[in-house]
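A quick write-up on the structure given underneath.
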Amino acid sequence: MCWQPMSDASTTTVSKTPVRRKRPAWLRLPNSLLTRILAVLLLAIFIAQGLSSALWFTQLQSRQNTMVLATAEQLALSMATTARFFNSLPLNYRHIVLDQLRRMGGSRFFISFNTRQLPVPVSEDSDLKTSILDRVHDLLTRELGYQVSIDTQLSIARDLRVFNQAIPLMELPPGWGHHALVLDPDRTPILVVQIQTEDSGWLYMATVVPTPTGTLDTETLSAERLLFLGLTVILISLAAFLLVRSFLRPLAMISRAADELGKGNDHPPIAESGSYEVARAARSFNAMRHRIERYINDRNRFFSAISHDLRTPITRLRLRAELLDDETLREKFCQDLEDLSDLAQGALQSINDTTLREESTKIDICQLLRRLAETAELEGEPVAVNGSCRRMFIGKPLALKRALGNLLDNALFYGKKAEINVQDDERQLRITIRDYGPGIPEAARQRVFEPYVRLESSRNRNTGGAGLGLSIARSIIRGHGGNVLLSNHPEGGLLVTVLLPRA
16 MCWQPMSDAS
26 TTTVSKTPVR
36 RKRPAWLRLP
46 NSLLTRILAV
56 LLLAIFIAQG
66 LSSALWFTQL
76 QSRQNTMVLA
86 TAEQLALSMA
96 TTARFFNSLP
106 LNYRHIVLDQ
116 LRRMGGSRFF
126 ISFNTRQLPV
136 PVSEDSDLKT
146 SILDRVHDLL
156 TRELGYQVSI
166 DTQLSIARDL
176 RVFNQAIPLM
186 ELPPGWGHHA
196 LVLDPDRTPI
206 LVVQIQTEDS
216 GWLYMATVVP
226 TPTGTLDTET
236 LSAERLLFLG
246 LTVILISLAA
256 FLLVRSFLRP
266 LAMISRAADE
276 LGKGNDHPPI
286 AESGSYEVAR
296 AARSFNAMRH
306 RIERYINDRN
316 RFFSAISHDL
326 RTPITRLRLR
336 AELLDDETLR
346 EKFCQDLEDL
356 SDLAQGALQS
366 INDTTLREES
376 TKIDICQLLR
386 RLAETAELEG
396 EPVAVNGSCR
406 RMFIGKPLAL
416 KRALGNLLDN
426 ALFYGKKAEI
436 NVQDDERQLR
446 ITIRDYGPGI
456 PEAARQRVFE
466 PYVRLESSRN
476 RNTGGAGLGL
486 SIARSIIRGH
496 GGNVLLSNHP
506 EGGLLVTVLL
516 PRA
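In the working numbering, the protein residues as written are 16 to 518.
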């Protein structure tokens, strides 16, 4: 292969490709199938738990509200009975009966008689509180009569004061009312009903509104419920992770086996176990691997047979050509036979170099490049090696030496001198080889990788060889999972980029 100088008419035009904007990190989906499946499962679990919790909470609130309203009705009926009882007593006996009730243990209400209606500190409004007050007021009005003045309020135990607002409710003796059952003074609701008596006085009754939670506030999910939900999500996520990972483990084995097969490494057949789909994929992969190995072996035997079969007639023709009297004709015959022998030997060598039957091992790529550079410098061809490798590379030493040596030989042959730059990161190892030759036209950069393609028309090996160097080099690099790219340097010369993946 030979690279010709680029004329002025062969200047390349670089097409501007629109740059795709990257999505924000929080919008990118994870690349792993395991994380994607887990993300979908977790999302489904959160949605299902959220909907079920919302439905459960709504139904629970509805039942609790129904219970509270039923309890409020019972309280209203009891208050109406209490009001009728005290109204039936003479005025002088009311306080005597009330004192006796308190000494005997009190009633379910705190009861007092006042000469005026007392102001009551009300709590914050809500739909449930409004429903309780309306239900109690309607029942008391129906039981006692519409002509009786009735005031109903809901207050908080901490804020309520009795006996003309002089004594806090929480400081009364326990026997004076069942407000002693208050669990949380800052939230426990107290129903206060003031009914005007026949003597223009006011009967004051206060009692705790029994609720399942001890409050009328609409609460969110309790800490116990949230803990239960969290444990449920964690356990389901752990089970899903183990299950999905066990399902995906055979796929990972197939992926590793395919990668090893692509690099030419020997890999034992995959176990055909697991689910039906995974076992079927493993069987198909094993069958494909067997067919590929059989094809490669048949191809090697075929080319070896051709090379062996051609060697005898070529030798015979060379001996016969030596018997020709015409010296000019004899030299032409010998040259054609030499070219034919080189083509057959080159084809066989190409097969042997790209088969990659070598075992993979750790390679110091930078040290390999320095050895190639030292060998070139001994022949008087300057080569500069820049950069360093962060760690060893796993590959086939002889094959990589062959590939990088071919690329360096081409650079020195056509550019007289070369520069090698090494860039290494977590994702890939980048090796660039720059020469100072004529470069390659853009239209011919892919064609030069084809076997026996040379931009220089001569078949003389001294002007570029048979055209197999780049083909062999790219086949070896691709066998390691990488690639070889060609471009012209802005300041002149060809730039060969070798990409070798780290993963």
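Idealized CB from N, CA, C, for every residue including glycine.
All of these numbers come straight from a predicted model, not from anything done at the bench.
ask   = By Cβ distance below 8 Å, which residues in the same chain neighbour residue 110 in space, the five residues on each side in sequence not counted?
value = Closer than 8 Å at Cβ, skipping near neighbours: 128.
request  = Under the assumption that residue 445 contacts residue 512 (Cβ atoms under 8 Å), give the Cβ distance between them as a whole number of angstroms.
outcome  = Their Cβ separation, rounded to whole angstroms, is 7 Å, which keeps residue 445 and residue 512 in contact under 8 Å.
query = Are three or more beta carbon pairs between the region 57–65 and the region 240–258 nearer than 8 Å?
reply = The region 57–65, when compared against the region 240–258, does touch it at the 8 Å Cβ threshold.
ask   = Unbroken alpha helix (DSSP H) runs of length 4 or more, entirely within the region 201–280: which are they?
value = List check, alpha helix (DSSP H) in window: 238–277.
query = Within 10 angstroms of its Cβ, does residue 509 collect 16 or more other Cβ (buried), or is it exposed?
reply = Label assigned to residue 509: buried.
ask   = For the alpha helix (DSSP H) that contains residue 413, what are its first and last residues?
value = For residue 413, the enclosing alpha helix (DSSP H) has its first and last residue at 412–430.
query = When burial is assigned at 16 or more other CB atoms within 10 Å of the CB, is residue 476 buried or exposed?
reply = At residue 476 the pLDDT is 42, less than 50, meaning the model places this residue with poor confidence; the figure from the coordinates comes in the next sentence. Looking at its Cβ environment, which holds fewer than 16 other Cβ atoms inside 10 Å, residue 476 is exposed.
Where the alpha helix (DSSP H) through residue 461 begins and ends = Counting along the chain, residue 461 falls outside any alpha helix (DSSP H), and DSSP gives it neither H nor E.
query = Which stretch, first to last residue, makes up the alpha helix (DSSP H) that contains residue 88?
reply = Its alpha helix (DSSP H) spans residues 48–103.
For residue 291, the nearest candidate out of 262, 493, 487 and 271 (CA to CA) = The option with the nearest alpha carbon to residue 291 is 262.
ask   = DSSP three-state call for residue 500: helix, strand or coil?
value = The DSSP-derived three-state label of residue 500 is strand.
message = Tell me which residue opens and which closes the alpha helix (DSSP H) that residue 484 is part of.
response = If you look at residue 484, you'll find it in the alpha helix (DSSP H) that goes 484–494.
request  = Note down the Cα distance separating residue 384 from residue 49, rounded to an integer number of angstroms.
outcome  = Each residue's alpha carbon lies about 40 Å from the other.
Helix, strand or coil at residue 130 [DSSP, three-state] = Looking at residue 130 - three-state DSSP - the assignment turns out to be coil, as it is neither helix nor strand.
Local Cβ density within 10 Å of residue 447, reported as buried at 16 or more and exposed below that = By the neighbour-count rule (16 or more Cβ atoms within 10 Å), residue 447 is buried.
query = Of the residues 88, 420, 465 and 71, which one's Cα is nearest the Cα of residue 390?
reply = Residue 420 is the option with its Cα nearest to residue 390.
task = Express the C-alpha separation of residue 316 and residue 294 in angstroms, rounding to a whole number.
result = The straight-line gap from Cα to Cα measures roughly 33 Å.
ask   = The beta strand (DSSP E) spanning residue 378 covers which residue range?
value = Under the DSSP assignment, residue 378 falls in the beta strand (DSSP E) whose first and last residues are 376–378.
ask   = So, using beta-carbon positions, are residue 242 and residue 147 closer together than 8 Å?
value = No, the pair does not count as a contact, with Cβ atoms beyond the cut-off.
DSSP three-state assignment for residue 300, whether helix, strand or coil = If DSSP states are grouped into helix, strand and coil, residue 300 belongs with the helices.
inquiry  = Tell me the rounded alpha-carbon separation between residue 158 and residue 56.
reply    = Rounded to whole angstroms, residue 158 to residue 56 spans 59 Å at the Cα level.
ask   = Is residue 479 helix, strand or coil when you go by DSSP?
value = Low confidence applies here, because residue 479 scores a pLDDT of 49, under 50, leaving its location unreliable; read the following figure in that light. Residue 479 falls in the coil class under three-state DSSP.
query = How about residue 402 and residue 438: are their beta carbons less than 8 Å apart?
reply = It is a contact, given that the beta carbons lie within the stated cut-off.
ask   = Can the beta-carbon of residue 124 be found closer than 8 Å to that of residue 221?
value = Inclusion of residue 124 and residue 221 in the CB contact set at 8 Å is warranted, their separation being smaller than that value.
message = Am I right that residue 497 and residue 514 are in contact with their C-beta atoms under 8 Å? What's the rounded C-beta distance?
response = That pair is a contact at about 5 Å.
message = Between residue 267 and residue 285, how many whole angstroms is the CB-CB distance? I'm expecting something under 8 Å.
response = Separation of the CB atoms of residue 267 and residue 285 is rounded to 11 Å, and the pair is thereby denied contact status at 8 Å.
Spatial neighbours of residue 501 in its chain, beta-carbon cut-off 7 Å, leaving aside the 5 residues before and after = Excluding residues within five positions, the ones whose Cβ falls inside 7 Å are 455, 460, 509 and 511.
ask   = With distances taken between CB atoms, is the gap from residue 53 to residue 255 smaller than 8 Å?
value = Yes, these two residues count as a Cβ contact at 8 Å.
key: Start and end residues, alpha helix (DSSP H) containing residue 434   = It is not in any alpha helix (DSSP H) - residue 434 instead sits in the beta strand (DSSP E) that spans 433–439.
key: Residue from 387, 101 and 329 with nearest C-alpha to residue 213   = Considering only 387, 101 and 329, the residue with the shortest C-alpha distance to residue 213 is 101.
ask   = Beta-carbon separation of residue 136 and residue 175 under 8 Å?
value = Residue 175 is positioned such that its CB atom lies closer than 8 Å to that of residue 136.
ask   = What's the gap between the Cα of residue 341 and the Cα of residue 332?
value = If I take the Cα positions, the gap works out to 15 Å.
request  = For residue 516, count neighbouring Cβ atoms within 10 angstroms of its own Cβ and tell me buried if that reaches 16, exposed if not.
outcome  = A residue is called buried when at least 16 other Cβ atoms come within 10 angstroms of its Cβ; residue 516 does not meet this threshold and is exposed.
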